[in-house]
Amino acid sequence: MTKPACPICHSTKFGDYRGRRFVRCAGCGSKERTRFMYCVLRDLAPPPSGLPVVHCAPEHVITAFLTQKYGDDYQPADYDPSFYPWVERPVRQIDLTRPLDYFEKESVQGFVHSHVLEHVPSDLHRTIKDMNAAIAPGGFHTFCVPFCSKYYREDMDLSMPHAERERLFGQHDHVRSFGTLDAKERLLSLFDGFDRMDMAETYTPDKLAAHAIPPNAATSMTAHTIFHFVKRH
Numbered sequence: 019m020t021k022p023a024c025p026i027c028h029s030t031k032f033g034d035y036r037g038r039r040f041v042r043c044a045g046c047g048s049k050e051r052t053r054f055m056y057c058v059l060r061d062l063a064p065p066p067s068g069l070p071v072v073h074c075a076p077e078h079v080i081t082a083f084l085t086q087k088y089g090d091d092y093q094p095a096d097y098d099p100s101f102y103p104w105v106e107r108p109v110r111q112i113d114l115t116r117p118l119d120y121f122e123k124e125s126v127q128g129f130v131h132s133h134v135l136e137h138v139p140s141d142l143h144r145t146i147k148d149m150n151a152a153i154a155p156g157g158f159h160t161f162c163v164p165f166c167s168k169y170y171r172e173d174m175d176l177s178m179p180h181a182e183r184e185r186l187f188g189q190h191d192h193v194r195s196f197g198t199l200d201a202k203e204r205l206l207s208l209f210d211g212f213d214r215m216d217m218a219e220t221y222t223p224d225k226l227a228a229h230a231i232p233p234n235a236a237t238s239m240t241a242h243t244i245f246h247f248v249k250r251h
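Residue numbers (this note's numbering): 19 to 251.
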């Protein structure tokens with residue numbers, strides 16, 4: 019049987035991470051969702067259009083890939099750019115509680131983010147709708163979120179004890195938990211005017227397993243599931 023190999027660096031060695039066996043690449047440090055995100059951006063994201071591709075809370079390996087694919091159009095961004103001294107270009111300061119204060123409508127080719135939306139202390143509907151309004155026709159929105167409960171819940175009270183926030187949302191700095199049973203209504207329904215790409219059509223269980231990605235990441239709501247939406251013309 020062929021060993022799983024990282025699609026990013028091609029390493030066949032994987033270590034344990036937070037109780038999960040053989041998930042962290044020993045070569046590039048990528049985890050399951052990072053490897054799946056890389057595959058989706060490599061295979062499904064469009065070529066450069068001349069508009070910026072905004073990468074929120076940039077990760078090392080995705081930053082390297084997007085820089086290669088989009089060149090000067092790649093724009094790393096975060097609420098606190100000081101967290102990213104390793105990024106080799108300026109990280110733009112943005113606040114996703116009000117995206118249209120930073121991006122004009124139809125001025126962006128795409129947004130990319132991994133486990134970011136659960137941190138944003140604002141109305142989820144407004145954040146996603148405004149981000150989508152900033153995307154030009156033909157552009158894309160590629161992301162993943164953690165699923166820590168069956169049903170969506172949120173609490174913006176930042177005085178909540180860390181232990182209680184970890185119990186409800188999986189981490190002390192999360193303000194919401196996405197639900198596996200109501201994701202269609204509470205998350206995916208916010209993408210009016212977009213087409214969602216069916217990952218199962220492109221990524222078979224065998225193809226995912228070959229890259230040490232859980233096979234159900236293409237068919238279920240998991241922390242490793244990648245959503246890729248394309249804005250209609």
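C-beta atoms are modelled at their ideal positions from N, C-alpha and C, and glycine is treated no differently.
Computed from a predicted model, the values in this text were never measured in an experiment.
If you draw a 10 Å sphere on the C-beta of A236, you find 16 or more other C-beta atoms in it, and that means buried. When the Cα atoms are used, E184 and H190 turn out to be separated by approximately 5 Å. The Cβ neighbour count for M149, taken over all protein chains shown within 10 Å, is at least 16; the residue is labelled buried. Unbroken beta strand (DSSP E) stretches of 3 residues or longer found wholly inside the region 186-217: 194-197 and 212-214, given in chain order. Around the CB of K168, fewer than 16 other CB atoms lie within 10 Å, so the residue is classed as exposed. Under the DSSP assignment, Y35 falls in the beta strand (DSSP E) whose first and last residues are F32 to Y35. Within the DSSP bridge table, the entry for V41 names no partner. The C-alpha of A152 is placed about 13 Å away from the C-alpha of F212.
In this structure, L176 is the residue among D200, A181, K249 and L176 with its C-alpha nearest to the C-alpha of V193. In this structure, the straight-line span from the alpha carbon of I26 to that of A228 is close to 12 Å. F121 sits in coil when the DSSP states are folded into three classes, being neither helix nor strand. For V130, there is no enclosing alpha helix (DSSP H); the enclosing beta strand (DSSP E) covers residues V126 to S132. By the C-beta density criterion, P117 is buried, having at least 16 other C-beta atoms within 10 angstroms. Restricting attention to C46, F54 and L208, the CA atom closest to the CA of A230 is found in F54.
With contacts defined by Cβ atoms closer than 9 Å, P233 and S195 do not form a contacting pair. Exposed is the label assigned to P65, since fewer than 16 other Cβ atoms lie within 10 Å of its Cβ.
In this structure, DSSP gives C57 a helical state, which the three-state scheme calls helix. For Y88, the uninterrupted alpha helix (DSSP H) run begins and ends at H78 to Y88, by DSSP.
Spanning the alpha carbons of E124 and S132 requires a straight line of approximately 22 Å. In this structure L199 is exposed. Its beta-carbon is surrounded by fewer than 16 other beta-carbon atoms within 10 angstroms.
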